[in-house]
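Below is one structure, written out as structure tokens; comments come after it.
Residue numbers (my numbering): 3 to 965.
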């Protein structure tokens, strides 16, 4: 190609010579015409924009995109910007000896630039940006660049190193090599180009340190080295470039601290150092950079408080300090930054209430702010606010409506409480609202539909109740609707099926009921629709997205039918199950009446589960009773021998007969020489539970112990397995667990030796205590908290309690709770889950639903369910299941119903006589309801429960009467 070009130029030159010799009437061909025609021959002009370029013309000065000097008629500018040209840059341009400006930007030119355009004596501006040029820049490209002032090779595919010859272009004022694949370090002489005013090397693969010598670029107005691999310390000399207005060193690996000299950059209006390794306290001098409009220090390691001086930057429009280690609250001085458009403090460790200067309020604190600041200046222009993933607390102010320009609001991942303010509906410009992962309660307000511009709504993992408001119909542009992991009830509004822009919907892990609107199948853009783990029923919509919906998106709704759940839909729904509790006057307390009468009571899901559990218990008790009959006589003989002897024959090896056994105490020597006759004495019996009777006795050293005689002897594991499991339980120590101090073993008799807890069971305090004594709110809360700590400790030790109930929570002399009977199921071999559940879940009402299901794995979430029931029992003073004259009352259902009707305070134990913090009690009951979710995965783990309890605990703890 190069030879062809040279031949063409030679041919044209010969024509010029011949025409001059023969005295042709036509004037000689112009060098510029020759050069441009040759240049045109190397490119493709798909739109024919260069059709005016005619080689028969005397001069190219009238051609499109060509400018000439009016005196010399020589080409000075060639501007082909955006002409949709393709092909390669040919040598014809070298003929344009008086070219001043060359712009070939925004085309599709390819190949490398082998010609040294910079050698053109008068060329001052080169713009080859936004093409597909590739390859390295020749080392001598800038060898002769005496007039070059501006060069842009941006947005191409150039590679290799930036040539060292660039350092010789002392007249350069602007360099833009951004968005290429240049690599290696910059040439050493580059930082001596003192005439540079603008430098953009962003989005390349450059590396090395930015030297302190950068201060030599004292004419620099803008520097952008972002998206490279620069490392080392922060260039301290940059603070001496006093004319800098824009600095972008983001997305590198620059470390160290920001130098104090930076505050001298009083003209700087743009500073972005995001996504580096910068550290140290957030600079207090930042307020001296008063002309800043954009400040982005996100993605670093800054720590400490945001200084008050930041309020001095009144011109600030964009502030992004996300993903650092900042603490404290936002300073009130920022109320002066009235021009803020975007504010992002997400992913820090900031806390306290949401700043009033942002959200506004009519309260006393705002009045103090007004006095302090002269006039309270919120941020009415704010369009983007992101405070997510911090530790903010308190409520969202109802004055949020003053932020009427807001388009993006993200407060997720905090500890916000209270309701969603109805005034959010006044934010007419709001596109994204994310309040997920908080402790917000109450219902989703109907008024939220007033924010008709919403495109994304995320409220998952809160404590929200009530129904999905029908006002969702107003969100015609909504694409994402996430409401999962709440306590929402009622049907899915038909209006949802009219939101044609919907793409992702997640309503899982709620208590939604009713059927699905058939029109949902008509949504054209739907890509995911998760309704799993609710109480929905009826047939799934047919057609559209629902023809291929994943089964995992609909599981946990037993009454749903259709192809996705592999269940055909019945033609007639079954009648509700009813019972008459008065049908049998001989029924013992705690048992479900067996006959059905004329009085119809429609039972809830929880009541049905309770009935099923009762049936399971009866079967289990009968089974285990039969299994125990054949060992009762031998056990009695062992017990008789034990109670009549004045001492035991203890061996340190497994016993081989019923009258000798192995005693192990986990601390101290075994000694039952005194008080042994009372071990199994009926007069010393403390009570009976699912695993056996408990007796009190006193050791020789004077301290009392509780002895549990296991009544499931025939089911106990082998001695080796028994001892291994008991020793594991003996190692578990916690102030809120009853300590296992030892054990006694024979093949026919097993005893567990526990510390003696003198205060009796929680059940007796709640339900059998004298009228003059009752548990105060503080005592109840501390019992709940202590029980939660004990279960969290057990779960951390990989032990499931299996048998949480108030009779297994004991109170010591100071009222501290101690949980007993933990992990005893580990002593039994693998049993049918029905038998196991009937034995260890001896109190109806605490049983998690999965105990009655063969296909669901028993996990720690069973304990969480029992704990939730216990919480409600402690707060209300009522048993988990109570039988009235004409009704069966399931505690969980009663409290849930009160929650939906807004009268939860009425559920609190009457004995407290209003002497309790209502807010705190309601939150505790809501926590109990969450723990008793029918779906195990919808329950929190005990670690999360502890965190929530600590957040609920009022700072004023202890001010009320201790009772």
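Idealized CB from N, CA, C, for every residue including glycine.
Under the three-state DSSP convention, the category residue i falls into
i	result
residue 818	coil
residue 951	helix
residue 364	Caution is warranted here: a pLDDT of 42 is assigned to residue 364, below 50, making its placement in the model unreliable, and the coordinate value is therefore given only provisionally. Coil, per DSSP.
residue 895	helix
residue 668	coil
residue 40	helix
residue 61	coil
residue 696	strand
residue 419	coil
residue 496	helix
residue 434	strand
residue 2	With the chain covering only 3 through 965, there is no way to say anything about residue 2.
residue 253	coil
residue 776	coil
residue 946	helix
residue 81	strand
residue 901	helix
Straight-line gap, residue i to residue j (C-alpha atoms, nearest Å)
i	j	result
residue 388	residue 471	26 Å
residue 737	residue 792	8 Å
residue 740	residue 536	38 Å
residue 922	residue 955	7 Å
residue 509	residue 758	49 Å
residue 93	residue 34	12 Å
residue 89	residue 157	17 Å
residue 969	residue 266	Shown here, the chain extends from 3 to 965; a query on residue 969 therefore has no answer.
residue 885	residue 893	11 Å
residue 549	residue 534	17 Å
residue 264	residue 436	36 Å
residue 484	residue 223	46 Å
residue 243	residue 481	47 Å
residue 130	residue 110	10 Å
First through last residue of the alpha helix (DSSP H) which encompasses residue i
i	result
residue 1	Nothing can be reported for residue 1: it is not among the residues displayed for the chain, which extend from 3 to 965.
residue 724	721–733
residue 784	779–798
residue 922	920–933
residue 766	764–769
For residue i, the first and last residue of its enclosing beta strand (DSSP E)
i	result
residue 885	883–885
residue 272	272–274
residue 395	393–395
residue 305	303–307
Strand pairing of residue i, partner residues [DSSP]
i	result
residue 159	136
residue 890	885
residue 89	45 and 111
residue 701	DSSP lists no partner for residue 701.
residue 562	540
residue 205	The partner list for residue 205 (beta bridge, DSSP) is empty, contrary to what the question assumes.
residue 748	751
residue 424	Beta-bridge pairing links residue 424 to no other residue.
residue 174	According to DSSP, residue 174 bridges with nothing at all.
residue 826	For residue 826, which the question treats as bridged, DSSP gives no partner whatsoever.
Supposed close pair residue i, residue j - CB separation, criterion 8 Å
i	j	result
residue 38	residue 55	6 Å
residue 768	residue 908	So it is not a contact: roughly 18 Å between Cβ atoms.
residue 124	residue 100	5 Å
residue 255	residue 279	6 Å
residue 499	residue 524	7 Å
residue 128	residue 104	5 Å
residue 218	residue 248	Not confirmed; about 19 Å, so no contact.
residue 294	residue 269	Wrong, their Cβ atoms sit about 10 Å apart, outside the cutoff.
residue 948	residue 850	Between residue 850 and residue 948 the Cβ distance is about 20 Å, and since that is not below 8 Å, they are no contact.
residue 191	residue 173	The Cβ separation is near 14 Å, so there is no contact.
residue 693	residue 823	7 Å
residue 236	residue 260	6 Å
residue 343	residue 385	5 Å
Residue i CB to nearest heavy atom of the ligand ADP below 8 Å
i	result
residue 884	What this structure holds is no ligand at all, so the ligand ADP is not there to describe.
Beta carbon proximity, residue i to chain D, threshold 9 Å
i	result
residue 787	This model lacks chain D altogether; it includes just one protein chain.
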